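Chemist: Just add 1 to the spot in the first sequence (first one is 1) and you have this note's numbering.
C-beta atoms are modelled at their ideal positions from N, C-alpha and C, and glycine is treated no differently.
Owing to the predicted nature of the structure, the values given are computational and were not obtained by experimental measurement.
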Amino acid sequence: MKIASFNVNSINARLPRILDWFDKARPDVCVLQEIKCVDEKFPAGEFEDRGYNVCVHGQKTYNGVALLSKHPFEEPRKGLPLLQDGDDADDHSRYIEAVIMPPGAKVIRVVGIYAPNGNPAPGPKFDYKLKWLKRLKKRVAELLAYEEALIVCGDFNVIPQAEDVYDPKAWSSDALFLPESRAAFRQILNLGLTDAIRQIHPAKTLYTFWDYQAGAWEKDNGIRIDHLLLSPQAADRLKDAGVDRAERGPGKTDVKPSDHVPVWAELA
DNA sequence: ATGCCTGCGGTTCGCAGA
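So, in structure tokens, the structure goes:
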């Protein structure tokens, strides 16, 4: 079973390219981030025509996530729970979850996330990012208690290690690479998750994002911020994982690429 | 040091992204 994650930076601005990629990559399940549209504007029919069941947690202009699955799914959930009752409501669409039920094959729960960027740091946006990651940690801990196959994937907006950024010094004060962000990410990993990309490619430079500005793609000034994290039961099934780097380059049409590329994991 | 580029909403620019 192939599970992918792709921050598309607007589903509707990028649809022909995204569909081209789906026709090549043919993931069983894919979570999308930054769809930048409300549910009614999501081009569900294009994916249904390709055999996907569609679950959308949209938002006007910003954010928005979706989950596409060739197999039936159960227990869909939209939105990340608050830490405690009485906390301010979170109106950003950044979390989606479902249990994938492939007929005659093993079940897996898929969580798709779009973590807040957090810049500028320090500031309220950075506080929101750290609190959001804390909420994610709590949700993941709850799900891990089931001791079942689980994959938490998406745009974490965290550069885990210096080897995941072309110039660590240049990013040292950025919300994506600050020690607090990396610690929050590490705390989620330390619940017992395996980074699928790093498990398969331990020492490789593998970026998933290149800024549109300053020729970042041409200079390979990239960062690795899109991740696929596996519970022990899922990690035992891991066969392969990768980054579809070519999607950052020119496509068949003149539609511009996203600034992120798809990441994927193949499980038995 | 700052902006570079891109998408969106909605109007000819501001916000957000990372």
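For R249, name the three-state secondary structure that DSSP assigns.
Modeler: Here R249 sits in helix by DSSP.
Chemist: At which residue ranges does the region 129-192 contain complete beta strand (DSSP E) runs of 3 or more residues, listed in the order of the chain?
Modeler: Entirely contained in the region 129-192, the beta strand (DSSP E) runs reaching 3 residues are, in chain order, 151-156.
Chemist: How would you write the range of the alpha helix (DSSP H) that F48 sits in, first residue to last?
Modeler: A45 to E49 is the extent of the alpha helix (DSSP H) around F48.
Chemist: Going by the beta-carbon positions, is the gap between F275 and V55 smaller than 7 Å?
Modeler: Nothing about residue 275 can be reported from this structure: the residues present for the chain run from 2 to 269 only.
Chemist: Below 8 Å on the Cβ atoms is my contact criterion, and I expect N120 with D86 to pass it. Report the Cβ-Cβ distance as a whole number of Å.
Modeler: Between D86 and N120 the Cβ distance is about 30 Å, and since that is not below 8 Å, they are no contact.
Chemist: Give every residue of the same chain whose Cβ lies closer than 8 Å to the Cβ of G113, excluding the five residues on either side of it in the sequence, and list them in chain order.
Modeler: If we look at G113 and ignore the five residues flanking it on each side, its Cβ neighbours are S6, V32, L33, Q34, V66, A67, L68, Y96, I97, E98, C154 and G155.
Chemist: Using a Cβ-Cβ cut-off of 8 Å (strictly less than) and excluding sequence neighbours within five positions of W172, which residues of its own chain qualify?
Modeler: Cβ within range, chain order: I160, V166, F178 and I224.
Chemist: For L137, count neighbouring Cβ atoms within 10 angstroms of its own Cβ and tell me buried if that reaches 16, exposed if not.
Modeler: Buried, since its Cβ has 16 or more Cβ neighbours within 10 Å.
Chemist: With a threshold of 8 Å, are at least 3 pairs of Cβ atoms found where one atom belongs to the region 233-247 and the other to the region 181-199?
Modeler: Judged by Cβ distances under 8 Å, the region 233-247 makes contact with the region 181-199, as three or more pairs qualify.
Chemist: Of all the alpha helix (DSSP H) runs that stay within the bounds of the region 4-56, which reach a length of 4 or more residues?
Modeler: DSSP runs (the alpha helix (DSSP H)) wholly in the region 4-56: 16-26 and 45-49.
Chemist: With a CB to CB cut of under 8 Å and the five nearest residues on each side skipped, what residues in its chain are close to Q234?
Modeler: The residues are E148, E149, A150 and L151.
Chemist: Counting only the same chain and skipping the five closest in sequence on each side, list residues whose C-beta sits under 7 Å from that of E181.
Modeler: Closer than 7 Å at Cβ, skipping near neighbours: L131.
Chemist: Taking its Cβ as the centre, do 16 or more other Cβ atoms sit within 10 Å of N13, making it buried, or is it exposed?
Modeler: It counts as exposed.
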